[in-house]
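S.K.: Below are the structure tokens for one structure; questions will follow.
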Amino acid sequence: MRIQNDNETATEAHRAGQVRSWISGLGEAIARAFTEFLTIPTYVILVFFVLAVGSYLLDRANPAWLAPIREIPQTHVFADPAATSSLLSTVAAGLITVTSITISLLLLALQQSAATMTAEILDQFLRGRKIYCCVSCQPLATKS
Numbered sequence: 167m168r169i170q171n172d173n174e175t176a177t178e179a180h181r182a183g184q185v186r187s188w189i190s191g192l193g194e195a196i197a198r199a200f201t202e203f204l205t206i207p208t209y210v211i212l213v214f215f216v217l218a219v220g221s222y223l224l225d226r227a228n229p230a231w232l233a234p235i236r237e238i239p240q241t242h243v244f245a246d247p248a249a250t251s252s253l254l255s256t257v258a259a260g261l262i263t264v265t266s267i268t269i270s271l272l273l274l275a276l277q278q279s280a281a282t283m284t285a286e287i288l289d290q291f292l293r294g295r296k297i298y299c300c301v302s303c304q305p306l307a308t309k310s
């Protein structure tokens with residue numbers, strides 16, 4: 167009975183050590199991700215969050231100096247609900263299209279670079295502070 171308890175204690179200690187190791191590895195991975203490529207996106211998200219809170223508070227405060235500025239779009243752009251709906255749906259569709267084309271072209275360029283160079287290009291792409299465009303101008307080999 168005593169041997170079984172010692173084995174269970176050793177197993178629990180081993181599992182606890184594995185959990186601690188996994189948590190420290192996770193913390194290191196998150197720290198590495200932030201230092202290498204998540205810093206700028208995090209700052210962008212924080213700036214837009216602050217802008218959203220600021221615009222919400224400005225809208226709720228309803229200052230008098232903002233009334234003439236609000237009247238211009240209300241009378242000229244958003245006067246007709248059907249036109250407003252059409253405008254917003256067109257803008258949303260355009261944004262989605264531009265975003266999808268941009269991401270597709272970025273991934274296509276990355277794939278082409280990785281195919282002509284090495285598999286390390288993806289790691290360098292993710293680690294770099296700036297996105298560099300790698301173009302390989304190699305002539306096509308022809309069979310003689």
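Under our numbering, the residue at position 110 of the sequence shown is numbered 276, and the numbers go up by one with no gaps. For each residue, glycine too, the CB sits at the ideal point set by N, CA and C. Here the structure is a predicted model, which is why all the values come from computation and not from measurement.
1) Helix, strand or coil for S302, going by three-state DSSP, please let me know.
2) What separation, rounded to the nearest whole angstrom, lies between the Cα atoms of S279 and W188?
3) For V216 and V210, what's the separation of their Cα atoms in angstroms?
4) May I ask you to report which of helix, strand or coil DSSP gives F200?
5) Please classify P239: does DSSP put it in a helix, a strand, or coil?
6) What residue does the alpha helix (DSSP H) around A218 start on, and which one ends it?
7) Express the C-alpha separation of V185 and I196 in angstroms, rounding to a whole number.
M.R.: Here's the rundown:
1) With a pLDDT of 37 at S302, under the threshold of 50, the modelled position of this residue cannot be trusted; read the value that follows with caution. The answer is coil: DSSP assigns S302 none of H, G, I, E or B.
2) 34 Å
3) 10 Å
4) helix
5) helix
6) Where A218 is concerned, the enclosing alpha helix (DSSP H) stretches over 205 to 227.
7) Their backbone Cα atoms lie some 16 Å apart in a straight line.
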